[in-house]
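Working notes, beginning with the structure itself.
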């Protein structure tokens, strides 16, 4: 499996990361190029790692991973998104909250939450005839580009949205979490 199929897989897995990066770029007053690189790196590294971990776990724990991954992702995104919405509706935000949300811990929380599906895909890849190093690297590289692009696009949209950007970003994270939950429980 390589070529168009691998690229389609990588693009599909990177969409949640793109949406989260878009919201992150819109919320920050003036995200620099370094912030876009940081977000792209975190999201890309998490996608690559989770796909590789899922592949390594393989079929031995497939039922367990698939049984709880959506709940973990939903909970993490609900926590971060809910905090963003609360801050937006309060109208003011203290510097500590902004620093926490823009720090590495918050970034990694969102990166892991949007990458959990990659672990389930990795389990599936263990049953396919793939070179996991190449496939996971492609997933990571595409997600890096989508995360970077999302922050830069969000940066352009942020001034247009003003304070509503945080509300939109929080709602976006809740939508991603809900989508993950619905896909795994109802479909």
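Residue numbers (mature numbering (1 follows the signal peptide of the UniProt record, and there is no 0)): -19 to -1, 1 to 168.
Glycine residues also receive a C-beta, built at the ideal position from the N, C-alpha and C atoms.
At least three beta-carbon pairs within less than 8 Å, the stretch 25 to 34 to the stretch 92 to 106: yes
Just verifying my parser: in three-state terms, what is the DSSP assignment at residue 109? coil
Entirely enclosed alpha helix (DSSP H) segments - the stretch 117 to 168, minimum 4 residues: 145 to 166
Alpha carbons only, please: which of 150, 130, 137, 139 is nearest the one belonging to residue 17? 130
Quick test of your reading: residue -1 and residue 153, contact by CB under 8 Å. State the CB separation rounded to the nearest angstrom. 6 Å
Nearest by alpha-carbon distance to residue 135: which of 161, 10, 106 is it? 10
Tell me the DSSP secondary structure of residue -4 in three-state form. helix
Do residue 103 and residue 23 come within 7 Å of each other at the CB atom, strictly closer than that value? no
Below 7 Å between beta carbons: does that hold for residue 157 and residue 100? no
Taking all protein chains shown into account, decide if residue 20 is buried (16 or more other Cβ within 10 angstroms of its Cβ) or exposed. Residue environment: residue 20 is assigned as buried (16 or more neighbouring CB atoms within 10 Å of its CB, all protein chains considered).
With 16 as the cutoff for other CB atoms within 10 Å, does residue 4 come out buried or exposed? buried
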